[in-house]
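S.K.: Would you mind keeping the following structure in view while I ask a few things?
Residue numbers (this note's numbering): 2 to 313.
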């Protein structure tokens, strides 16, 4: 807090996405539609998994928690971006900027660990099916969940511990629509080379390392699946394709943000919109599109909700 008291800058100004009224209107419709859709889709997954006894398994437990995290991904930056689209002066307080950075990195780290846990779950289910319920016990599922949140909190607190006390004396303009470390650090009134390297090492290398671990894991699983019967292989490959697609959607923007110098602000903004608006919407679509069990359960829940509203 002392760093905040000594900072001359008390607020930051976003340049936003565009100055064109037509493009702003298009972005408003696009972002609002996908934000509402992602909130409804992820909420429906959580409700379905919680209420349907047929889905009380480790795979769906992890999926429900991923949907909960995607609700957070949608809510950290999208509502403010939508609100700011038609504002002439887009301002966020110093504390608000720090809070946004904190939650972005907590949620991103939790999702990273959950994706690794889901890959491990599929590995055990396909490669060690006879021991699946023993290995993926309720205790193991809770362990993954606790580990995910602890990792997220530690990662985010470590990042902010080096940043919160930086002196900010101007300028205070961020060429973005949300606060994140790369641009935030560059506004400090001091040499930030070491801090920028730390951010790259802490966020970028971890993202790249986790991405390659997941890809190698899925390659091993796919090679194992090919040795099984054709019917089982087809179902397993369908599930795996959904997992791999989500991994690419999640890690793609992260790798661009944290492992390369800023070459194009427009590209960064496009990837940020994709990551904040589209990815949380696509995740439930991808995970349920090829999952017949989930689709049947969702229809059942929707019918129950409709009948409940009619009787109430």
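Backbone N, C-alpha and C fix where the C-beta goes; we use that ideal spot for every residue, glycine too. For clarity, every value in this text was computed on a predicted model and none was experimentally measured.
Using alpha carbons as the reference points, say which of 137, 110, 245 lies closest to residue 61.
M.R.: 137
S.K.: Near residue 125, what residues of its chain come up, given a Cβ to Cβ distance below 6 angstroms and the 5 sequence neighbours on each side ignored?
M.R.: 133, 136, 137
S.K.: Check residue 167 in the structure and name its three-state DSSP category.
M.R.: coil
S.K.: Check whether the stretch 187–197 touches the stretch 141–156, counting contact only when three or more Cβ pairs, one atom from each stretch, lie closer than 8 angstroms.
M.R.: no
S.K.: Given 8 angstroms as the limit, is there contact between the stretch 15–28 and the stretch 101–114, that is, 3 or more CB pairs closer than that?
M.R.: They do not touch, by the three-pair rule.
S.K.: The alpha helix (DSSP H) with residue 13 in it runs from where to where?
M.R.: Residue 13 -> not in any alpha helix (DSSP H); beta strand (DSSP E) instead, spanning 12–15.
S.K.: From the DSSP output, which residues share a beta bridge with residue 174?
M.R.: According to DSSP, residue 174 bridges with 14.
S.K.: Note down, one range per segment and in chain order, each beta strand (DSSP E) of at least 3 residues found wholly within the stretch 67–127.
M.R.: 91–94
S.K.: In its own chain, which residues sit with a C-beta less than 6 angstroms from the C-beta of residue 2, not counting the 5 before and 5 after it?
M.R.: Unreliable positioning characterises residue 2 in this predicted model, as indicated by a pLDDT of 41, which lies under 50. A coordinate reading is not provided.
S.K.: How long is the line joining the alpha carbons of residue 327 and residue 170, rounded to whole angstroms?
M.R.: Since the first residue shown for the chain is 2 and the last is 313, residue 327 is missing from the structure and cannot be characterised.
S.K.: According to DSSP, is residue 137 helix, strand or coil?
M.R.: coil
S.K.: Counting pairs of Cβ atoms below 8 angstroms between the stretch 197–209 and the stretch 146–160, do you hit three or more?
M.R.: The stretch 197–209 and the stretch 146–160 touch, with no fewer than 3 CB-CB distances between them shorter than 8 angstroms.
S.K.: Any contact of the stretch 57–72 with the stretch 253–260, i.e. 3+ C-beta pairs under 8 angstroms?
M.R.: Of all C-beta pairs linking the stretch 57–72 to the stretch 253–260, fewer than three are shorter than 8 angstroms, placing the two stretches out of contact.
S.K.: Taking only the alpha-carbon atoms, compute the straight-line gap between residue 176 and residue 88 and give it to the nearest angstrom.
M.R.: 15 angstroms
S.K.: Would residue 267 be called buried (16 or more neighbouring beta carbons within 10 Å of its own) or exposed?
M.R.: Burial is judged here by how many other beta carbons sit within 10 angstroms of a residue's own beta carbon; residue 267 has fewer than 16 and is exposed.
S.K.: Residues in the same chain with beta-carbon distance under 8 angstroms from residue 80, minus the five sequence neighbours each way, listed in chain order, please.
M.R.: 36
S.K.: Starting from residue 228, trace the alpha helix (DSSP H) in both directions and tell me its first and last residue.
M.R.: Under the DSSP assignment, residue 228 falls outside any alpha helix (DSSP H); it carries neither an H nor an E label.
S.K.: Could you spell out the range, first to last residue, of the alpha helix (DSSP H) harbouring residue 187?
M.R.: Run containing residue 187: 182–187, per the alpha helix (DSSP H) assignment.
S.K.: Cβ of residue 246 within 8 angstroms of Cβ of residue 46?
M.R.: no
S.K.: Quick one: what does DSSP say residue 303 is sitting in, helix, strand or coil?
M.R.: In the structure shown, residue 303 falls within a helical segment according to DSSP collapsed to helix, strand and coil.
S.K.: I need the DSSP call for residue 242, collapsed to helix, strand or coil.
M.R.: helix
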